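Sequence positions in the sequence shown follow our numbering and run 46 to 272. Structure first, then comments.
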Amino acid sequence: MRNGLPEWVVPFSVINVDELKLIAQALDLGPRKVLADVACGSGGVGLWLVSQTGASLIGVDFSSTAIANAQELAQTRGLSRRSRFIVADILNTTLPDAVADAVVSIDSLMFCDAQRAMCEIARLLKPGGRVAVVAAEATRDDAPEVLSRNYPALFANAGLEVLTFEVLEDYRERSLRLYHGLNDRARPLRDQMGVGAEYLLAEAASGIERENEPPRVRDVLIIAKLI
């Protein structure tokens with residue numbers, strides 16, 4: 046178990062079981078609802094959410110290796126009939142407009158143009174649909190430029206109303222545990238995620254190097270709805 050979850054769910058994330066339960070409730074998932082997991086990696090978060098709620102899943106990731114693993118995991122968990130996965134970029138998922146009742150994105154916005162990603166997520170949502178995001182947010186001027194300094198503003202610019210903005214408890218300790226875990230498992234991570242693993246490993250190396258410095262980022266959970 047990792048953060049109260051089976052390791053197949055979130056092998057490389059700071060999120061825990063209570064936060065995923067909160068997300069499932071906030072997104073109002075259930076039978077006949079469609080959840081899109083953008084930058085889904087190996088699919089664990091999305092598959093766990095639909096396994097708990099009866100919803101259907103569309104998973105999107107730019108790594109063909111990760112998508113192959115997600116398809117295999119769906120088969121293993123008995124969820125292949127309620128899930129499908131495609132290889133595409135978070136900034137251009139190629140999915141139709143208003144395809145999903147809800148969208149989830151975990152630990153991905155810090156690796157892309159977050160504003161463009163939020164606009165794409167908004168495009169995928171049906172009217173009134175909701176999105177849940179967990180991401181690192183900059184807290185100091187010397188944080189990497191790619192990190193957002195103000196996620197609520199990015200959401201508003203994409204036509205999304207923020208309902209919940211929460212700094213994850215013990216995010217510093219959780220992040221350090223994650224970084225060391227990633228570093229220790231570099232080889233299986235590369236096998237599972239392909240080239241996408243290099244982003245995570247680079248962030249882990251940087252985080253370990255700064256372990257004794259004041260944190261430059263914090264992990265936040267944001268729930269929003271399409272206006």
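By construction, the Cβ of each residue, glycine as well, lies at the ideal position given by its N, Cα and C atoms. Keep in mind that this is a model prediction, so the values were computed, not measured.
With three or more CB-CB distances shorter than 8 Å, the stretch 128-136 counts as touching the stretch 82-95.
Burial check for K270: the Cβ neighbour count within 10 Å reaches 16 or more, so the residue is buried. Residues of the same chain with a CB within less than 7 Å of the CB of L92, apart from the 5 flanking positions on each side, are L102, L118, A119, R122, L124, S128 in chain order. The beta carbons of S153 and A242 sit about 13 Å from each other, so the pair does not count as a contact at 8 Å.
Contact fails between the stretch 157-173 and the stretch 244-255, because fewer than three Cβ pairs, one in each stretch, are under 8 Å apart. In the structure shown, V144 adopts coil according to DSSP, grouped into three states.
From the listed residues E254, E258, E214, R230, the smallest Cα separation to D63 is found for E214.
Here I112 is buried: its Cβ has 16 or more other Cβ atoms, across all protein chains shown, within 10 Å. Assignment of A269 by DSSP, reduced to helix, strand and coil, places it in the strand class.
Judged by DSSP secondary structure, G174 falls within the beta strand (DSSP E) whose first and last residues are 170-183.
Excluding its 5 nearest sequence neighbours in each direction, N228 has C-beta neighbours in its own chain below 8 Å: L246, A249, A250, I253, listed in chain order. It is roughly 30 Å from the alpha-carbon of A71 to the alpha-carbon of T110. Judged by beta-carbon spacing, L140 lies beyond the 8 Å limit of A100, meaning their Cβ atoms are not closer than that value. Around the beta carbon of R175, a 10 Å sphere encloses 16 or more other beta carbons of the protein chains shown; the residue is thus reported as buried. Under DSSP, D106 forms a beta bridge with V132.
The alpha carbon of K78 has as its nearest neighbour, out of V95, K66, L67, D186, the alpha carbon of V95. Each of R185, D82, V212 was checked against the Cα of P197, and the nearest Cα belongs to V212. Taking all protein chains in view, the Cβ of I272 is surrounded by fewer than 16 other Cβ atoms within 10 Å, so the residue is classified as exposed. Under the DSSP assignment, L72 falls outside any alpha helix (DSSP H); it carries neither an H nor an E label. Scanning T209, N257, A145, I166 for the CA closest to the CA of N137 turns up I166. The C-alpha of D142 lies about 21 Å from the C-alpha of V207. Linking D134 to E258 through their CA atoms gives a straight-line distance of about 34 Å. With distances taken between CA atoms, A177 lies nearest to A69 out of N61, L50, A69.
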